[in-house]
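Asks: The following block contains the structure, expressed as structure tokens.
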Amino acid sequence: MPGYRKLFVLVGIAAFFAFSSLPTWAGVIIGGTRVVFPAKAREVTVRLQNKATDPALVQAWVDNGDERSSPDTADAPFTLSPPIFRMEPGKGHSLRLIHTGEPLPTDKETLFWLNVLEVPPKPKDAAGQNILQFAFRIRIKLFYRPENLAYASVEAPQKLTWTLIREGQEVQLEVTNPTPYHVTFSDVALVSGSQRFAKREAGGGMVSPGEKTRFPIVGVDASAKELTVEFKTINDYGAMVSANAHLTH
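Quick note on numbering: the sequence shown equals residues -15 to 233 in the working numbering.
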């Protein structure tokens, strides 16, 4: 599944103006939608690019799943070099992720999150004014992947098992992941002939190693026959891969 941007209001603001008058910032992008950190690697490099016409101050950190994390509160066994840097307009920058050596599970992946916070410059015509200024955060998945796992990550989606759960009027599709990999979905649906029943929530989802996840499905009734599962997963390179599976009972 792709990373998302969150807005953080910077402190020290006394005045507010309409969002329609805000300039378009958030020019710093990451070269990829996820990072795979092989256990045998000493470090991994992530490329950033500033697509904006203005410079930006960038701060980066890794957390273990807390969306509200900050560089001061994040708790993850990685250091970043450099953690704070300036990016000139139209330029790229290499961000080094280094594992501290803290022991992590050797039989399955561990999920962390890479955060990149971009603080745009103060508008040149705002000297002496109190303004509302925004910072933009990109947050993408970071998978720490042990060596010598039983099979390749591309095989994981086909090893998932799917079960239809009926609870009263609600129908849920339960996926079980027996693999050592996290499997991220961009789409999940049930199919019966020419009928396609989508999951209730828009967007994707994820099932962790050895775990189960449920997707509420809309519109399925008791008369639907020969149901199969159609789903799309996101691979290590951020590409969507289509697959299908039969239900287990």
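In this text, a Cβ means the ideal position worked out from N, Cα and C, and glycines have one as well.
CB-CB under 8 Å to LYS24, same chain, minus the five flanking residues each way: which ones, in chain order?
Replies: Sequence index remark: in the sequence shown, residue 24 carries index 40 (1-based). If we look at LYS24 and ignore the five residues flanking it on each side, its Cβ neighbours are GLU131.
Asks: Let me check understanding here. Comparing Cα to Cα, which of PRO162, ALA229 and TYR221 lies closest to GLY16?
Replies: Residue mapping note: residue 16 aligns to position 32 of the sequence shown, counting from 1. Nearest option by C-alpha distance: TYR221.
Asks: Here's the rule I'm using: 16 or more other beta-carbon atoms within 10 Å means buried, otherwise exposed. How should GLU210 be labelled?
Replies: Taking the sequence shown and counting its residues from 1, the one referred to as residue 210 is at position 226. That one is exposed.
Asks: Nearest CA to the CA of ASN34: which residue from VAL28, PHE69, SER54 and TRP45?
Replies: Here residue 34 refers to the residue found at position 50 when the sequence shown is read from its first residue. Looking at the Cα atoms, PHE69 is the closest of the given residues.
Asks: Determine the extent of the beta strand (DSSP E) in which GLY189 is found, giving its start and end residues.
Replies: Numbered from its first residue, the sequence shown carries residue 189 at position 205. Looking at the DSSP string, the run of the beta strand (DSSP E) that includes GLY189 is 189 to 191.
Asks: Check the DSSP bridge columns for PRO200 and list the partner residues they point to.
Replies: Here residue 200 corresponds to residue number 216 of the sequence shown, with the count starting at 1. Answer is GLN156, bridged to PRO200.
Asks: Is PRO162 near LYS183, with beta carbons less than 9 Å apart?
Replies: For the purposes of this step, residue 162 is taken as residue 178 along the sequence shown, with counting starting at 1. For the purposes of this step, residue 183 is taken as residue 199 along the sequence shown, with counting starting at 1. No, these two residues do not count as a Cβ contact at 9 Å.
Asks: Could you check if VAL213 is buried or exposed, using at least 16 other CB atoms within 10 Å of its CB as the buried criterion?
Replies: Reading the sequence shown from its first residue, position 229 is the one you call residue 213. Label assigned to VAL213: buried.
Asks: Can you tell me where the beta strand (DSSP E) holding GLN43 begins and where it ends?
Replies: Along the sequence shown, one-based indexing puts residue 43 at 59. Segment 40 to 47, the beta strand (DSSP E) holding GLN43.
Asks: From the DSSP secondary-structure annotation, give me the bridge partner or partners of GLN142.
Replies: What you label residue 142 is simply residue 158 of the sequence shown in a count that begins at 1. DSSP, once it has assigned bridges, lists no residue as partnering GLN142.
Asks: Identify, in the order they occur along the chain, each residue of the same chain with its Cβ nearer than 8 Å to the Cβ of SER192, setting aside the five sequence neighbours on each side.
Replies: Residue 192 sits at position 208 when you count from the first residue of the sequence shown. Hits under 8 Å: LEU95, ASN161 and HIS166.
Asks: Quick check: the stretch 68 to 83 against the stretch 27 to 45, are at least 3 beta-carbon pairs closer than 8 Å?
Replies: The stretch 27 to 45, when compared against the stretch 68 to 83, does touch it at the 8 Å Cβ threshold.
Asks: Put SER65 into one of helix, strand or coil per three-state DSSP.
Replies: The residue you call residue 65 lines up with position 81 of the sequence shown. Here SER65 sits in strand by DSSP.
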